[in-house]
Amino acid sequence: MYIGRFLVMGKTENGKAFISYRVSSRSFPNRKAIIKDNTISIVPNSIEDIFNNPYIMYNSLKIVKNKIIATNGSHTDVISDKIELGLPIRDALAYSLITMDYEKDQYNTPRIGGVLSEGESYLGYVSDKDIRVCKVTLEDGKGYYLGTYGACNISRDQIIPVIGENPKEICKYIMEYEEFDNPVCCATAIIEDKRIKMDVFNL
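Heads up, the sequence shown is in the numbering used here, so the first residue is 977 and it goes up one at a time.
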């Protein structure tokens, strides 16, 4: 099943909250996730590819004020800025989705996003048909998934098992999750002992 780019937000079997973002792509598979400071960026292997599609290069995961922001586009930075200014998680996520709207490509690709802290977890999306921001309750060993194609919904029907106790293990598990096709790269951040750790996995 192809669900495009997607988020997984959940808890490990030992109760550590995490959020992951996986790039799945048919059109632009030549990309990778790179870490710099508190940010994970998705970049093309050839910088010239951004002239073919402006949506393929962006910061996908960022840590701000002990909160993890993960999205499928440049709204990562907008959400982060609003949280930095003091907006609550829900408001920062909703504001950014409303103002930036869905991607104006040939597929009207939805913008998806998630914000995770030690005490709160929100998922949200904006498509050409609707917009939703929802607080979710996380369960040990499970994760909500929210995708751009065919899975743009926040529902208990979209929960998968999760195996792994650190960012690298979770990245690998999500990259190799056979139900979802065309993996390219993955980024994960996890809250452990009041610290945030992150890692990436590239094909």
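The beta carbon of each residue, even a glycine, is placed where N, CA and C say it ideally should be.
What you are looking at is a predicted structure, and each value in this text was computed from that prediction instead of being measured.
Run through DSSP, which three-state label would residue i get?
i            : result
residue 1071 : helix
residue 992  : coil
residue 1007 : strand
residue 1112 : coil
Beta carbon of residue i, beta carbon of residue j: below 7 Å?
i            : j            : result
residue 1048 : residue 981  : yes
residue 1033 : residue 1051 : no
residue 1035 : residue 1021 : no
residue 1174 : residue 1165 : yes
residue 1092 : residue 1112 : no
residue 1070 : residue 1058 : no
residue 1055 : residue 1045 : yes
residue 1037 : residue 1016 : yes
Note down, in chain order, each residue of its chain lying with its Cβ closer than 7 Å to the Cβ of residue i, except the 5 sequence neighbours on either side.
i            : result
residue 1019 : 1007, 1008, 1010 and 1033
Taking 6 Å as the limit between beta carbons, can you name the residues of its chain near residue i, skipping five residues before and five after?
i            : result
residue 1123 : 979, 980 and 982
residue 1103 : 1078, 1086 and 1128
In terms of alpha-carbon separation, which member of the options lies closest to residue i?
i            : options                   : result
residue 1158 : 1000, 1056 and 1091       : 1000
residue 1155 : 1057, 1170, 1081 and 1137 : 1137
residue 1041 : 1074, 1031 and 1064       : 1064
residue 1135 : 1115, 1143, 1146 and 1108 : 1115
residue 1002 : 1107, 1177 and 1083       : 1083
Hey, quick one: how far does the beta strand (DSSP E) through residue i stretch, first residue to last?
i            : result
residue 1047 : 1043-1047
residue 1091 : 1087-1092
residue 1118 : 1118-1123
Taking 8 Å as the limit between beta carbons, can you name the residues of its chain near residue i, skipping five residues before and five after?
i            : result
residue 1081 : 1029 and 1031
residue 1094 : 993, 1042, 1167 and 1170
residue 987  : 993, 994, 1114, 1115, 1116, 1117, 1118, 1119 and 1138
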